[in-house]
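Quick note, in this note's numbering, the sequence shown goes up one by one and the last residue is 426.
Every residue gets a Cβ at the ideal spot worked out from N, C-alpha and C, and that includes glycine.
Read the structure below first, then the notes.
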Amino acid sequence: MSPVLDAALDELASVAATGSEAELLALVRLCESVARRVDAISTSAIAGLDDQGAFLTRGYRSAARAHLCDLMGWDYVEARRRASVAADVHTRTTLDGTPLPARLPSAAAAFGAGEIALRHVDVIGRVLSTDAAGRLSPEQWAGVEAQLATDATRLNPSELQTLGTALVALLDQDGAEPDFTPAPVNELRLTRHACGGSIKGRFQDPALYDAIAAVIDAKAAPLTADDDRPAPQRQAEALADICGHVLDHGDLPDTGGRRPVLTVIVRLEDLERRARSAMLEFGGTSTPAALRTLACDAGVIPVVMNGAGQPLDVGRATRTIPDGLRRAVTARDRGCAHPGCDRPPSWSEIHHIHHWEHGGPTKPDNLVMLCRAHHRQIHHTDWAVRIRDGLPEFVPPKWIDPHRTPRRKILAHLAAA
10 MSPVLDAALD ELASVAATGS EAELLALVRL CESVARRVDA ISTSAIAGLD
60 DQGAFLTRGY RSAARAHLCD LMGWDYVEAR RRASVAADVH TRTTLDGTPL
110 PARLPSAAAA FGAGEIALRH VDVIGRVLST DAAGRLSPEQ WAGVEAQLAT
160 DATRLNPSEL QTLGTALVAL LDQDGAEPDF TPAPVNELRL TRHACGGSIK
210 GRFQDPALYD AIAAVIDAKA APLTADDDRP APQRQAEALA DICGHVLDHG
260 DLPDTGGRRP VLTVIVRLED LERRARSAML EFGGTSTPAA LRTLACDAGV
310 IPVVMNGAGQ PLDVGRATRT IPDGLRRAVT ARDRGCAHPG CDRPPSWSEI
360 HHIHHWEHGG PTKPDNLVML CRAHHRQIHH TDWAVRIRDG LPEFVPPKWI
410 DPHRTPRRKI LAHLAAA
């Protein structure tokens with residue numbers, strides 16, 4: 010490594026060790042910018058070596074196996090990603106010396122300038138390598154590549170994948186159904202073993218599968234933050250719980266938007282102080298912020314106690330969000346609305362943007378669907394959410410984005426519109 014580069018890295022390391030909050034935030038952004046430029050230079054070198062036949066002469070069939078697996082010690086998935094990006098964004102020459110343009114010219118320009126990361130280029134390359142993308146005309150294909158390269162400057166790789174897939178599907182005109190559609194195969198096999206048994210099923214009817222998945226999903230959420238059971242175990246135990254409930258009661262529990270009922274016990278003196286705090290059913294004093302979070306999307310039964318701990322009044326269970334309105338918000342947000350979050354509606358809650366206790370109305374343009382993690386984030390951090398043009402958008406704190414540029418989740422059914 011050159012002395013100049015060594016000195017620069019040492020200076021960055023000293024800032025990391027002693028810098029202020031503002032300096033550390035700036036350092037993180039600088040390191041990401043440098044890493045993107047270094048990745049672009051590295052992939053250029055890989056492409057150059059491959060173009061010169063350096064790997065073939067050493068007995069390797071691919072750059073991924075040679076340079077990145079053996080030389081760099083990376084696993085094959087990462088090695089293949091970098092080799093693919095190198096092939097996509099750099100020019101090549103034929104055996105007779107004819108130059109060939111980069112397969113992804115727009116992405117190559119943005120990657121070389123440090124505007125997008127290697128993972129963005131990888132996503133664009135994979136989206137445009139699908140069968141559906143192969144059916145596009147050359148003009149359409151080039152247009153999608155240019156648009157995705159531009160969108161990659163504001164989206165993370167997962168969001169870019171959603172947008173690209175939706176855009177290609179919209180443009181793919183080879184989607185006509187065949188004249189004959191075979192009947193879907195739906196089967197479930199139960200096999201008894203000496204200890205227990207096994208269940209194996211296949212559902213080609215999407216409606217049947219969706220009904221089964223919805224019920225299991227409703228019961229398979231982690232019980233607590235410390236619930237470390239793997240997803241297959243939670244789903245298996247959820248299925249057993251559901252079947253046991255049917256045996257006991259003859260029907261399934263309500264799901265699909267019905268939220269848990271929360272009993273909040275408020276002491277008389279707290280009520281007289283305008284309910285600045287409250288006691289939860291299982292003990293402990295709830296802060297106003299935590300109480301607002303709970304009350305956003307739960308059935309609430311008010312219980313007023315006197316000084317001797319005797320109940321003075323027990324109200325009826327009420328819902329802050331009616332079922333019909335919850336379904337409307339679900340249809341709009343399709344789960345947690347925070348950009349990059351993939352939590353489904355059954356794992357999400359409804360949040361009043363302008364708090365209900367402060368006069369905020371219970372109507373769609375004041376409601377947003379959030380998973381529990383992002384619900385807490387909105388209540389306890391400087392993130393803000395609002396509805397604009399009928400859709401939720403999130404405004405990051407200044408320490409994340411000094412310009413506080415609003416962000417939106419990419420939804421597949423709207424992305425290509």
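| request: Could you tell me if GLU358 is buried or exposed, where buried requires 16 or more neighbouring beta carbons within 10 angstroms of its beta carbon? | output: buried
| request: Ignore the nearest five residues each way along the sequence and tell me which others in LYS407's own chain have a CB closer than 8 Å to its CB. | output: ASP391 and ARG413
| field | Test item: CB-CB of PRO241 and ASP214 under 7 Å | value | no
| request: Look at the alpha carbon of THR327 and the alpha carbon of SER29, and state the distance between them as a whole number of angstroms. | output: For THR327, the predicted structure reports a pLDDT of 49, less than 50, and the residue's modelled location is therefore unreliable. A value from the coordinates is still provided. So the two alpha carbons sit approximately 49 Å from each other.
| message | Quick check on GLY210: does DSSP put it in helix, strand or coil? | response | strand
| task | Thinking ILE396 and THR371 are a contact (beta carbons under 8 Å), I'd like their distance in whole angstroms, please. | result | Rounded, the Cβ-Cβ distance is 14 Å, inconsistent with contact.
| said: With DSSP as the reference, identify every bridge partner of PHE403, one or two as the case may be. | reply: VAL394 and ARG416
| said: Need the endpoints of the beta strand (DSSP E) that ALA196 sits in, please. | reply: The question names Ala, yet the displayed sequence has Glu at residue 196. Looking at the DSSP string, the run of the beta strand (DSSP E) that includes GLU196 is 195 to 201.
| task | Report the three-state DSSP secondary structure of GLU32 (helix, strand or coil). | result | helix
| ALA161 and LEU172: beta carbons closer than 7 Å? | no
| query | Which partner residues of VAL377 appear in the DSSP bridge assignment? | reply | HIS360
| task | Could you work out which residue in LEU179, HIS383, GLY369 and GLY134 is closest to TRP356 when comparing CA atoms only? | result | HIS383
| query | Closest to ARG381 by CA distance: which of CYS345, LEU197, VAL394 and SER207 is it? | reply | CYS345
| message | Just to confirm before moving on: does the CB-CB distance between GLY5 and HIS360 stay below 7 Å? | response | Because the chain here runs from 10 to 426, residue 5 falls outside it and cannot be looked at.
| query | Are the CB atoms of ILE133 and ALA122 nearer to each other than 7 Å? | reply | no
| said: Quick check on the burial criterion: 16 or more other C-beta atoms within 10 angstroms. Buried or exposed for ILE55? | reply: buried
| message | Could you pull the DSSP bridge partners for PRO108 from this structure? | response | THR102
| Going straight from the alpha carbon of ARG25 to that of LEU36, what length do you get? | It is worth fixing the name first, because residue 25 is Ala in this sequence and not Arg. If you take the alpha carbons of ALA25 and LEU36, they lie about 7 Å apart.
| C-alpha gap between ALA216 and ASP226, whole angstroms | 15 Å
| Considering only the beta carbon of each residue, do LEU176 and LEU145 sit closer than 7 Å? | no
| request: Take the Cβ of PRO158 as the centre, count every other Cβ of all protein chains shown within 10 Å, and call the residue buried at 16 or more, exposed below. | output: The amino acid occupying residue 158 in the given sequence is Ala; Pro does not appear at that position. By the 10 Å Cβ count, ALA158 comes out buried.
| query | Which whole-angstrom value describes the C-beta separation of VAL130 and VAL153, a residue pair presumed to lie in contact below a C-beta threshold of 8 Å? | reply | With a Cβ gap of about 14 Å, VAL130 and VAL153 do not count as contacting.
| query | Among the residues of its own chain, which have a CB less than 7 Å from the CB of LEU379, if the five just before and after it don't count? | reply | CYS345, ALA346, HIS347, SER357, GLU358, HIS360 and ILE387
| Around the C-beta of PRO3, are 16 or more other C-beta atoms found within 10 angstroms, so that it is buried, or is it exposed? | Nothing can be reported for residue 3, as the shown portion of the chain is limited to 10 through 426.
| What separation, rounded to the nearest whole angstrom, lies between the Cα atoms of LEU58 and ALA141? | 32 Å
| Comparing alpha-carbon positions, which option in LEU137, THR139 and GLN61 lies nearest ASP105? | GLN61
| query | Start and end of the alpha helix (DSSP H) containing GLU148? | reply | 147 to 160
| task | Apply the 10 Å Cβ neighbour rule to LEU14 and answer buried if 16 or more other Cβ atoms are within range, or exposed otherwise. | result | exposed
| query | With a Cβ-Cβ cutoff of 7 Å, do ALA111 and HIS99 count as a contact? | reply | yes
| Local conformation of TRP365 per DSSP, three classes | helix
| request: Can you tell me which of the three DSSP states GLN170 falls into? | output: helix
| task | List the endpoints of the continuous alpha helix (DSSP H) containing ALA17. | result | 12 to 27
| query | Count the other CB atoms within 10 Å of the CB of SER11; is the residue buried (16 or more) or exposed (fewer)? | reply | exposed
| request: Pull up the distance between the alpha-carbon of TYR218 and that of ASP97, whole angstroms please. | output: 39 Å
| At a cut-off of 6 Å, is ALA126 close to the ligand SAH when judged by its beta-carbon and the heavy atoms of the ligand? | Of the ligands one can find in the structure shown there are none, so the ligand SAH has no counterpart to examine.
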